[in-house]
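Participant:
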Amino acid sequence: MQRGTFANIRLRNALADGKEGGYTKYLPTGEIMPIWDAAVKYMETGTPLVVIAGKDYGMGSSRDWAAKGVCSRA
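Per the numbering used here, the very first residue in the sequence shown carries number 92; after that it's consecutive.
Now the structure itself:
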């Protein structure tokens, strides 16, 4: 469940130049990669992260895991 937290194909990440799907920019290198891969790299270096999301983030039963998934540890 945790790995699928940001796997929505309609997700558009402004950091990843608006690319659709679960992608982000890994800031140390500028590489666009899956969010999970970037999160693992940040975790390995001890870099804390935050989620910047819309007003409905984590609301409703279907979005419940969106809020819980980021609090889990790999």
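Glycine residues also receive a C-beta, built at the ideal position from the N, C-alpha and C atoms.
On a predicted model such as this, the values are computed, not experimentally measured, just so you know.
Quick check: the Cα distance between G145 and L102, rounded to an integer number of angstroms?
Facilitator: Taking the straight line joining both Cα atoms gives about 11 Å.
Participant: Can you say whether G113 is buried or exposed, counting buried as having 16 or more other CB atoms within 10 angstroms of its CB?
Facilitator: That one is buried.
Participant: Inspect the beta-carbon positions of A107 and T120 and report whether they are closer than 7 Å.
Facilitator: Not a contact, by the Cβ cut-off of 7 Å.
Participant: Tell me whether A129 is buried or exposed, calling it buried when 16 or more other Cβ atoms sit within 10 Å of its Cβ.
Facilitator: The residue in question, A129, is buried, as its Cβ has 16 or more Cβ neighbours within 10 Å.
Participant: Suppose only complete runs of 4+ residues qualify. What are the alpha helix (DSSP H) ranges in the region 112-138, listed by chain order?
Facilitator: List check, alpha helix (DSSP H) in window: 126-135.
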